[in-house]
Structures are given as C-alpha cells and as structure tokens.
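**Q** Chains as they are written, first to last, in this note's numbering: chain D, 5 to 332; chain P, 95 to 393; chain Z, 44 to 282.
Just dropping this structure here.
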Amino acid sequence: MRSLPTSRPWRIAFYLVALAALFLAPVYLQSSYSVRILVLVCLFGAASTGWNLIGGYANQISLGHTVFFGIGAYATVIFQGTLGLSPWLAIPTGIVLAVIVALLIGWPTFQLSGHYFALATLALLPVFHIIATYWEDLTGGSVGISVPILPSGLDTLQFDTPTPFFYIAAVLLVLVMILARWVRQSVLGLQLDAIRLNPQASTLAGVNQFRAKMKALVMSAAVVAVAGSLYGAFLQFMDPDTAFSWNTTLNLVLFAMVGGVRFWWGPALGALILIPFGEFASAQLTGNLAALGQLAYGVLLILLVLFQPRGIGGLFSIVWQKATGRKL
Amino acid sequence: MDILNHVAQSVANGLLIGSVYALISVGLTLIFGVMNIVNFAHGEFLMVGMFGAYFASTAFGLDPLWIAPLIGIAGFLLGALVERTIIEPIIKAPQSAQIIATVGLGIILANGAAAIFGNNFLSVKTPYQGETFSLFGLHFAATFVYAAAYAVVMAVLLALFLNKTRFGKAMRATAQNRGAAQLLGIDPKRMYMVAFGLGVALVTLAGSVILPYTLVYPFIGQQYVLIMFTVVVLGGLGSIRGAIIAGLVVGVIQSLSTLLLPSELQNLPVFIVFFIALVLISGGVLSRVRNASVKLKRS
Amino acid sequence: MSAILRVQDLSQRFGGLHALKDVSFDIIDGEILGIIGPNGAGKSTLFNAIVGVVPPISGHVWFKDEDLVGVPPHEVMAKGVAKTSQSVQVFDEMSVLDNVAVAALLKNDSIKSAREAARGELEFWGLQSFADVIAQDLTLAQRSTLELARAMMLHPAVLLVDEVMAGLNEVEVDQMLDRMMQANRERGVTLIVIEHNMRALMRISHRILALDYGAVIALGEPAEVSKNQRVVDAYLGVE
C-alpha cells in the first residue's frame, strides 16, 4: 500500500477534522444570521442526502420529496402548536405518514418504467397543497399554524439563540450521512448502483428492482420527513406554501446534482455551497429580479446535465484519481 | 328534473373543459410518443402561451382568440429551438438527465416570466367574457365554447396531419415503433425537432385560447401539471387518441365532482383518477383491455 | 434423456406482427442447443419470452414442473434459468468484480462474500486479472465474457446465450467456445445458444433448432439440420 492520504488512518483523520469544523462552526461564525444559514445547510443537506438515496443512488428521480418534507414539518407544528405535544413525538409520526405515502406511490410506479415514478411524484405536490389549504381544522388552512413561544429547552426545541438548534441539525446531518455511506457500501447499495447503471442488466443479474427501489424510497422518505419535522420546529410556523413548495423539491435535487449524486457526501456539499450563495443572492436581488436567482438555478441544472452530470464530486474524483491513482 | 338538469349541465361543461384539457395535454403525449421524453416543462410552455397572448392583448389590443394561431407558430419556433439546444444533446442520455433538463427548462421559463411580468395574477378583457349561449335549456359561457371549438379544430388538423401527410404518418409510425423513422427514410433529428415544436405549438396555442376565462401568473404551469399528467397517463403515454378521450373523461369527472365537492377540491378526484390509472397500468389491466379491444376489432 | 425445460405452444405478438407462432420444443438436461434463423425469425423474442423479460401472450415454459410464464424475470433468474442479452449489457461504470458480485448477491448475504464468489467466477472465465478494471475499459470480447460470467454467477441450470460472439475475431470466438463447453461439461449447465456464426454453432451444439417467421422449421443433429431443405431455403431467402 502506498502511504498516500487514501489509507484508512488518513481518512479517519479527515473525517475528524471535518466533524470538528462543523461542530465548532458557531464558535467562529459569530453572527446568529450565519448560524441560522448553517442550520438550513444542515437540514436541507440532510434532506437532499435523503433524496439522493432514491434519486441519485438508484437514479429514480423524485419530484415530490417536498411532500415528505411538508408532512414532517406539519407534524411538528400541529403537535406543538395545536395539540400541545412534544415535537419529539411529531418526528416518528411524520416518518410513519411519509412512509405510507411513499409506499402508495412506489407500489404502482416501481412496477413500471421510470417515467411513471417521476410523473406520479410531481403530481403528488399539488394534491398535498390542496389538502393543506382545505383541511383547516388540521392545518389552519392557508393561514397556517404558528407555534406559541414556550420555555426554551431541548424538550420544546425552542432556544434563545440559533446555536443549540444548529447542534441538533448538525447531529441529524451527520447521522443521515452515516446512513447514506452505509447504504452505499451495503448489498442494497450495490443493487441500486446496478439499477442506476443498467436496469435491464440488473434484472438479468437477478436483482429484484422493485424491492430495492422500495427500500430506498422508504428510507429516503423517512429521512426527508425528519428533516422536515426539524424545519417546522426551527421556523415554529408552517403554511401550505412553505410546507409544500416546489422550491423545496428543486433544492433537494439541485444540491445533490451540484455536489454529485454518486457520492454519499455529494448532496451535503451541494447544500453547503448553494444555500449561502442563495441567501446572498436573494439579499441582493429584490422585486422582479428575485426571480433571476431562481432562473439561475434552472440554468445551472441544465448546464450540469449537459456538461457535468457528476457534479463537483465528479470533478473531485478525477483530480483524486490523478493524484493518488485510486478511485474515490 | 332539477337534479337531472344539473347533471346534464355539469357533463356538458365537463366536455367543454375536457376538450381543452385534451388540447393542453396532447402535445405532451405526442412528444413522449415520438421521442420517449416526458417534457416536464409542458405546463410552463402553457404559461408562455398565456403570457404571449396577454402581452399581445395589453400592448396591441389583440384578442387572444385571434392571436392564438400566431402564438402557436411562435410556440413551434420556440419549441424547435429548445429541442435543438437542450433536448437534442440528451435524447440518448439516461431518463434522469432528461427529467432534470426539462425541469430546469420549466424553472427558466417560469422565473423568466416572473422577472418580466412580476409575480402577479393578470387577466385580459374581451367583449364576449360575459356572454352565454343557451341550448336545450343548458347554458354555456362563450369563453369556454370558443376554447372548446379551438380544441376540436386543432384535433381535426392534428388528425389530418398525422394521417394524411407523409411526415405525419412517419411520426405516427415512430410513436408505435422507434426506428420506423429511419425505415421510412426520414431524418430522426428533423422528426424530433418537428415533434417537439408541434407539442409546444399545441400547448402555447392552448394557453392563448384559455386566457379569456382564466388568470395568468408565472407559476400557473404547476397548477396544470396534475391535469396534464392524468390525461396522458390515463390515455396511455404516447397515445394521441387516448389523450383526447382521457381529456374529455377528466373534464367530465372534474366537473361532476363539483356537484358534490367544494370547487377548491376539484383536483382531488383528478388525482384519484390518476392514481387508479397508475394502479391499473401497473397491474397490466389497461394494456389487457387495449389488447382485447384490438382483438375485438379484428374479429 | 429428460427434458429440463419444456417450451409449449409459446406465442408472441407485437401489434399486427405474429413474432412467435405456437413454438414447442424440449431442451434436454445437459445439452447444448443451438438456435439459428434469419434476422427477425423470433430468436431473441423466444429468449425474452422464456425468461419473462417480454412475457408471451400465450403458451407455457415448464421448468422443474413449474410454469415460468407470468413469473417476473428476476425470479426466473433466481429459479435457475439465466440469460445474456443480445447487445452486451454490463454495468459500464462498475468494476469488473462488482459486475459479477451483483449477481452473486442472489446466494450471498454480504458484499464481502459476494465479491469472493465473484472472484472465483472471474477466474473460471479468465478475467481475474481485470477484477478492478472499470467494465467500460474492457474490450468487446472481454465484455461479452463478463456478461457470461455474470449470468453463470447465478448458478443457473439453464443458460440462454444470445449472440455473445457477435463482433469477435476467430481466436476470441474459439476461446469463448472452449469456456462455454467447459462450463457445460464441468458445471452441468444446459446451454441454449443463439448464434449467427455457423462454424461456432456447429462446433458446440449437440442439436440445432431452426426458426423462421416465428415458427420451428427444423430440430435435430447439426449435420441433418444444415441439410434440411426448409432451413436452406430460409437462409437463401426463397419465398
């Protein structure tokens, strides 16, 4: 073995440094505005990593993951705001509901070609927007639900500064990334990779595509629902436009594409780059020009597909391979 | 009698709106049939057609119904241009790349419109907006009747093109069997460009035609996505005749549902139809029905 | 001489085209059956119908007293009837080892043991030194061999081989034939081989089946089938 920084001790050292940098971030980022942005990076980074389990690993593009996110988010504000229950109970509730929706969508569409999954997931979004708007008793209708101010603490997920919440979000991100890495290197990961690369060949190799995709989708929906639940707790407010926004889906897809869908760390990297950039852009662009920021996202998506479908991770891996002679 | 009248009125309204749904969706299924690509920007192209007509109406005082054919032609050129620049390079790429690229295209179109026209609900004024026609004791808003008339005319023209012209026949053959274009000696690249252009032309024209009875805003495409997808999935992805029938079915179901449900929820039964269609297709039921009907026709 | 696979009245239809017309024949346990026929005769359609990739509209495929028609293809693979595809289908961006390991997952619960099993399979096909190479960097002959290795990793009782020798040179063809015969002899796999390369097919087949217009026109010893007038006519395109 070469003594290049590809060996196990080096890799562990790198992970430790990255973890330290993440958890010490509130110390060197003094402003609470920056910490808030970092919370968003962690939550959306985790959600995008979740999307990637089915969207990237298996290449089954979901355009409806907002729904899982929104279900989680509503679960929190309904539990905390309407029912006066702990947000921690909302998380498993959100997971269960999101998984049920995922099973209902995956069951018919994964027996068919990929077109139907993408179509069905996109069609799901307006339906949940309608439900959230109309079912006022549960969701507060288009006005939404606000969580009253409660004594701060871990049990209420309300804090005087954004820093404690950042640590919760960061733990979620780390756990989700560990899950993503584990899946990547598991039996399921290899099967998903086979499906991604060549669906016909994976059938001939004896892969049960339906079951593999279902497993990935269920995990994916659960992860996104948890991120959504914490997002609801973070905003302490939810309405149909916030919960079931097309932009959420767009962001999850974009972060993964930018960072690299083949890598377990890709979506988090994408979120780390794009969220601060997006915040900066939306601060600069006001009025009609605000749309230009979103337009740039559209351009970015097309450019990525045409010229760099493997994202930044793909560029990394080329450089890495040249430098070390090994695959990333 | 009163209930019967309600139901009859509702079915008639459903047929009118359903023919428009068919017009909106037929381009999506045409593009899929010929190119095996789902154009996720189809709703945004509808919005582009609406804004095109809105602009013509407010800037030059042109009626959306008169300007619609021109909007369609402009739509064709836009579609052909988009096909050449964005779709052509990914025609053989994995499905996921095609999805992402057309989603990206939709985002560009919607936010481009938002940057130009602002994020507001807009509408046009036409002299016939309050008019109604009466027939057999039923009443119809003129705007819907005109839109439906356009849909019927376009369906006839499309049928003539696909059945009577060499290029159209080749297109139909390609939709049934990829590679047919080459066998018939037609450059597939040209066919893809025409198919995409035609698909966009139909939906932009539809956008112009529906403007007299609806509002336009940059993100309205999203609201039509569910209806479009339901129509093309129910009709069988790639089937033009299927999309037209499914358009009418969806229109009638949606219209009838307003007898029972508040109008805000009128898309809920549409989604239920969509979901049932998916389940039936995945169980192979729809294809068995289709095979059976083919056999019946033969015998 | 027992039949391991029994194809009975298999029919397939695409639109107006009758691609398979009541095809029936038996495959004897342990034999190598060659399938010939002009382009469009229905050879690949037959394979796809047997394993359920494109299920037939009617008929039966009996394997160990069980009808495979209606069984999803991945389950057919698991039951012991494997297939390679007409144009080489491997996982391009995966290592050669993992290409085979995917199939090894059928009988191994962990990645580690699957990769170990895959190494053994690669050795049989002479690909062991390419284990860490990305599949798209292989030559055509190696990719074809890789697909065979992947299919054999499923430990099938019957393997359907669809034109695996297309585009290979004489030396490569001979090497592949040797390996296929070795697999047949030593591992007891029954082979059904579609091949345009008549020399190759004559060399390995115990029997040959000729298809034309979706129907069986001849079945028997290679020498007798090659003299059959209908087979000669079909190949010369006599109306």
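Positions of the beta carbon are idealized from the N, C-alpha and C atoms, including for glycine.
Measure from the C-beta of P363(P) to each C-beta in chain D and report whether the shortest distance is under 8 Å.
**A** In the second sequence, the residue the question calls residue 363(P) occupies position 269. No - not a single Cβ of chain D is within 8 Å of the one on P363(P).
**Q** Measure the alpha-carbon distance for A191(P) versus A174(Z) and round it to whole angstroms.
**A** Stepping through the second sequence from its first residue, residue 191(P) is reached at position 97. Stepping through the third sequence from its first residue, residue 174(Z) is reached at position 131. In a straight line, the C-alpha of A191(P) is about 30 Å away from that of A174(Z).
**Q** Can you list, in chain order, the residues of its chain with a C-beta nearer than 6 Å to that of L117(P)? Leave out the 5 residues immediately preceding and following it.
**A** Here residue 117(P) refers to the residue found at position 23 of the second sequence. If we look at L117(P) and ignore the five residues flanking it on each side, its Cβ neighbours are A245, M248 and A300.
**Q** At which residue ranges does the segment 113–178 of chain Z contain complete beta strand (DSSP E) runs of 3 or more residues, listed in the order of the chain?
**A** 124–126, all fully within the segment 113–178 of chain Z.
**Q** What does a CB cutoff of less than 8 Å around V259(Z) pick up in its chain, not counting 5 residues either side in sequence?
**A** Walking along the third sequence from the start, residue 259(Z) turns up at place 216. Once the five neighbours on either side are set aside, the close Cβ partners of V259(Z) are V66, S67, F68, L252 and A253.
**Q** Enumerated in chain order, which unbroken segments of the alpha helix (DSSP H) with a length of 4 residues or greater are wholly contained in the segment 189–273 of chain Z?
**A** With a minimum length of 4 residues, the continuous alpha helix (DSSP H) runs that stay inside the segment 189–273 of chain Z are 213–230, 241–247 and 265–270.
**Q** Please confirm if W250(D) has its CB atom under 8 Å from at least one CB of chain P.
**A** Your numbering for residue 250(D) matches position 246 in the first sequence. Yes, contact with chain P.
**Q** Mind checking if H69(D) is an interface residue toward chain P, Cβ cutoff 8 Å exclusive?
**A** For the purposes of this step, residue 69(D) is identified with residue 65 of the first sequence, where counting begins at 1. Judged by the 8 Å Cβ criterion, H69(D) is not in contact with chain P.
**Q** Along chain D, which residues have their Cβ under 9 Å away from the Cβ of S333(P)?
**A** Counting from one through the second sequence, the residue named residue 333(P) turns up at place 239. Neighbours of S333(P) on chain D: none; closest Cβ ~14 Å, over 9 Å.
**Q** Can you name, in chain order, every residue of its own chain whose Cβ lies under 6 Å from the Cβ of F111(Z), other than the five neighbours on each side?
**A** Reading the third sequence from its first residue, position 68 is the one you call residue 111(Z). Position check: residue 111(Z) holds Leu in this sequence, whereas Phe was assumed. So the qualifying residues of the chain are V104 and V119.
**Q** Rounded to whole angstroms, what is the Cα-Cα separation between P313(D) and R200(D)?
**A** On the first sequence, position 309 is the one that residue 313(D) refers to. On the first sequence, position 196 is the one that residue 200(D) refers to. If you take the alpha carbons of P313(D) and R200(D), they lie about 14 Å apart.
**Q** Using 8 Å for Cβ pairs, my map puts G112(P) next to G345(P). What's the rounded Cβ distance?
**A** Within the second sequence, residue 112(P) is the residue found at index 18, counting from 1. Within the second sequence, residue 345(P) is the residue found at index 251, counting from 1. That pair is a contact at about 2 Å.
**Q** Which residues does DSSP list as the beta-bridge partners of A46(Z)?
**A** In the third sequence, counting from the first residue as 1, residue 46(Z) sits at position 3. Answer is I71(Z).
**Q** Less than 8 Å between CB atoms is the rule here; does I244(D) satisfy it with respect to chain P?
**A** Position 240 of the first sequence holds residue 244(D). Residue identity differs from the one stated: residue 244(D) is Pro in this sequence, not Ile. No, P244(D) lies away from the interface with chain P (no Cβ there is under 8 Å from its Cβ).
**Q** Just to confirm, is the Cβ distance from A92(Z) to L197(Z) under 8 Å?
**A** In the third sequence, the residue the question calls residue 92(Z) occupies position 49. In the third sequence, the residue the question calls residue 197(Z) occupies position 154. Against a cut-off of 8 Å, the Cβ pair of L197(Z) and A92(Z) comes out as no contact.
**Q** Can you grab the Cα-Cα spacing for the pair L221(D) / V145(Z), in whole Å?
**A** Position 217 of the first sequence, counting from 1, holds the residue named residue 221(D). Position 102 of the third sequence, counting from 1, holds the residue named residue 145(Z). Whole-angstrom Cα-Cα distance: 20 Å.
**Q** Please list the terminal residues of the continuous alpha helix (DSSP H) segment that includes T80(D).
**A** Position 76 of the first sequence, counted from the first residue, corresponds to residue 80(D). T80(D) -> alpha helix (DSSP H) spans H69 to V81.
**Q** For S217(P), which residues does DSSP report across the bridge?
**A** If you number the second sequence from 1, residue 217(P) lands on position 123. Per DSSP, none; premise fails for S217(P).
**Q** Should V81(D) and I134(D) be called a contact, given that it needs their Cβ atoms to be closer than 8 Å?
**A** Mapped onto the first sequence, residue 81(D) falls at position 77. Mapped onto the first sequence, residue 134(D) falls at position 130. Taking 8 Å as the Cβ cut-off, V81(D) and I134(D) do not qualify as a contacting pair.
**Q** Within 8 Å, do at least three Cβ pairs link the segment 18–30 of chain D to the segment 165–174 of chain D?
**A** Contact between the segment 165–174 of chain D and the segment 18–30 of chain D is present, because at least three Cβ pairs lie under 8 Å.
**Q** Mapping the DSSP letters down to three states, classify F255(P) as helix, strand or coil.
**A** In the second sequence, the residue the question calls residue 255(P) occupies position 161. Helix at F255(P).
**Q** Let's test the definition: count the other Cβ atoms within 10 Å of the Cβ of R284(P) and tell me whether it reaches 16, buried, or not, exposed.
**A** Mapped onto the second sequence, residue 284(P) falls at position 190. Burial call: exposed.
**Q** Can you find a C-beta in chain D that's less than 8 Å from the C-beta of V367(P)?
**A** Here residue 367(P) refers to the residue found at position 273 when the second sequence is read from its first residue. Judged by the 8 Å Cβ criterion, V367(P) is not in contact with chain D.
**Q** If we require 4 or more residues per run, which alpha helix (DSSP H) segments fall completely within the segment 144–203 of chain D?
**A** Those alpha helix (DSSP H) runs which fall completely within the segment 144–203 of chain D and span 4+ residues are 166–188 and 191–201.
**Q** Please name the residue, chosen from L63(Z), G102(Z), P98(Z) and G95(Z), that lies closest to P84(Z) on a Cα-to-Cα basis.
**A** Indexing the third sequence from 1 puts residue 84(Z) at position 41. It is Ala, not Pro, that sits at residue 84(Z) in the sequence shown. For A84(Z), the nearest C-alpha among the options comes from L63(Z).
**Q** Looking only at its chain, what residues have a beta carbon closer than 7 Å to the beta carbon of G341(P), apart from the 5 residues adjacent to it on each side?
**A** As a working note, residue 341(P) is residue 247 in the second sequence. If we look at G341(P) and ignore the five residues flanking it on each side, its Cβ neighbours are G112, S113, Y115, A116, S119 and V325.
**Q** Among T137(D), T207(D) and Q325(D), whose alpha-carbon lies nearest the alpha-carbon of S357(P)?
**A** Counting from one through the second sequence, the residue named residue 357(P) turns up at place 263. Minimum Cα distance to S357(P) is reached at T137(D).
**Q** If you follow the beta strand (DSSP E) that V104(Z) is in, where does it begin and where does it stop?
**A** Residue 104(Z) sits at position 61 when you count from the first residue of the third sequence. Per DSSP, V104(Z) belongs to the beta strand (DSSP E) from S101 to F106.
**Q** Less than 8 Å between the beta carbons of L196(D) and A62(D), yes or no?
**A** What you label residue 196(D) is simply residue 192 of the first sequence in a count that begins at 1. What you label residue 62(D) is simply residue 58 of the first sequence in a count that begins at 1. Yes. Within cutoff.
**Q** Measure from the C-beta of T113(D) to each C-beta in chain P and report whether the shortest distance is under 8 Å.
**A** Locating residue 113(D) in the first sequence gives position 109, counting from the first residue. Yes, T113(D) counts as interfacial toward chain P.
**Q** According to DSSP, is A62(D) part of a helix, a strand, or is it coil?
**A** As a first step, residue 62(D) is located in the first sequence; it is residue number 58 there, counting from the start. Coil, per DSSP.
**Q** Considering only their Cβ atoms, is the gap separating F149(P) from P312(P) smaller than 8 Å?
**A** Taking the first residue of the second sequence as 1, we reach residue 312(P) at position 218. Taking the first residue of the second sequence as 1, we reach residue 149(P) at position 55. No.
**Q** For V105(P), which residues from the same chain have a beta carbon less than 6 Å from its beta carbon, with the 5 sequence-adjacent residues on both sides left out?
**A** To locate residue 105(P), count along the second sequence from 1; it is residue 11. Within the same chain, V105(P) has close Cβ partners V346.
**Q** Work out the CA separation of S351(P) and A192(Z) for me, nearest whole Å.
**A** Taking the third sequence and counting its residues from 1, the one referred to as residue 192(Z) is at position 149. Taking the second sequence and counting its residues from 1, the one referred to as residue 351(P) is at position 257. Distance between the alpha carbons of A192(Z) and S351(P): 57 Å.
**Q** Using Cβ-Cβ distances below 9 Å, what residues of the segment 277–304 of chain D are close to chain P?
**A** The segment 277–304 of chain D vs chain P, Cβ under 9 Å: G291, N292, L293, A294, A295, L296, G297, Q298, L299, A300, Y301, G302, V303 and L304.
**Q** Measuring CB atoms only, is the segment 255–265 of chain D touching the segment 98–108 of chain D, in the sense that at least three cross pairs come out at less than 8 Å?
**A** Segments in contact, no.
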